[in-house]
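A.B. asks:
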Amino acid sequence: MRVSKSHQAGSATTFVIIAVILVAATIGGIYFVVQRGDQARKDQAASRLAEQQAAQKAVDAKNAQAAAAAAAANKAAATKSSSSTVATSTAQNATDLPTTGPELNIVRFLAIGLLVGTLTSFVLSRRGLKRPL
Numbered sequence: 002m003r004v005s006k007s008h009q010a011g012s013a014t015t016f017v018i019i020a021v022i023l024v025a026a027t028i029g030g031i032y033f034v035v036q037r038g039d040q041a042r043k044d045q046a047a048s049r050l051a052e053q054q055a056a057q058k059a060v061d062a063k064n065a066q067a068a069a070a071a072a073a074a075n076k077a078a079a080t081k082s083s084s085s086t087v088a089t090s091t092a093q094n095a096t097d098l099p100t101t102g103p104e105l106n107i108v109r110f111l112a113i114g115l116l117v118g119t120l121t122s123f124v125l126s127r128r129g130l131k132r133p134l
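Under my numbering, the first residue of the sequence shown is numbered 2, with each subsequent residue one higher.
Pasting the structure below:
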């Protein structure tokens, strides 16, 4: 009588290699997203700075024109005009706040979920090997 054994057991090294590949891909993805986010924030800050500088130049040009016109007409009117323009400029700059978001947290939760899923799959497969086929 011939007895044949079925060797359908998975290799632990296969699961470890796949887990390492998934972890490396997840870490690479997180690094890529963080770098893109940092670059986007730097680009956004640079564009805001350029907009603020352009607005400040426009305000300075208006102040210079108003001061020249008012100096010719009346010296008292010139000081009143420049003080109101400076107050408006200060109020506009105070309302600009940086934007933030939860995109980094989402990536972290995704990475943790992938790691937990991989470990769960490995444990369940090892338990399945202990049961008779």
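Ideal Cβ positions, reconstructed from N, Cα and C, are used throughout, including at glycine.
As the structure is a computational prediction, the values presented were derived from the model and not from experiment.
In terms of alpha-carbon separation, which member of Q57, T119, V124 lies closest to L23?
C.D. replies: Taking the first residue of the sequence shown as 1, we reach residue 23 at position 22. It is T119 whose Cα lies nearest to the Cα of L23.
A.B. asks: Assuming contact is defined by CB atoms lying nearer than 7 Å, are F110 and F16 in contact in what I supplied?
C.D. replies: Along the sequence shown, one-based indexing puts residue 110 at 109. Along the sequence shown, one-based indexing puts residue 16 at 15. Against a cut-off of 7 Å, the Cβ pair of F16 and F110 comes out as no contact.
A.B. asks: Counting only the same chain and skipping the five closest in sequence on each side, list residues whose C-beta sits under 7 Å from that of L50.
C.D. replies: By 1-based counting over the sequence shown, the position of residue 50 is 49. Result list for L50: empty, nothing under 7 Å.
A.B. asks: Let me check understanding here. Comparing Cα to Cα, which of A112, V117, K131, G129 lies closest to V34?
C.D. replies: Residue 34 sits at position 33 when you count from the first residue of the sequence shown. Comparing Cα-Cα distances from V34 to each of A112, V117, K131, G129, the minimum goes to A112.
A.B. asks: Does DSSP put S12 in a helix, a strand or coil?
C.D. replies: Position 11 of the sequence shown, counted from the first residue, corresponds to residue 12. S12: coil per DSSP, three-state reduction.
A.B. asks: Can you find the residues in the same chain that come closer than 7 Å, C-beta to C-beta, to L115, ignoring five residues on each side of it along the sequence?
C.D. replies: Looking up residue 115 in the sequence shown gives position 114. If we look at L115 and ignore the five residues flanking it on each side, its Cβ neighbours are L23, T27.
A.B. asks: Are the CB atoms of V117 and I31 nearer to each other than 7 Å?
C.D. replies: Taking the sequence shown and counting its residues from 1, the one referred to as residue 117 is at position 116. Taking the sequence shown and counting its residues from 1, the one referred to as residue 31 is at position 30. No, they are not a contact pair.
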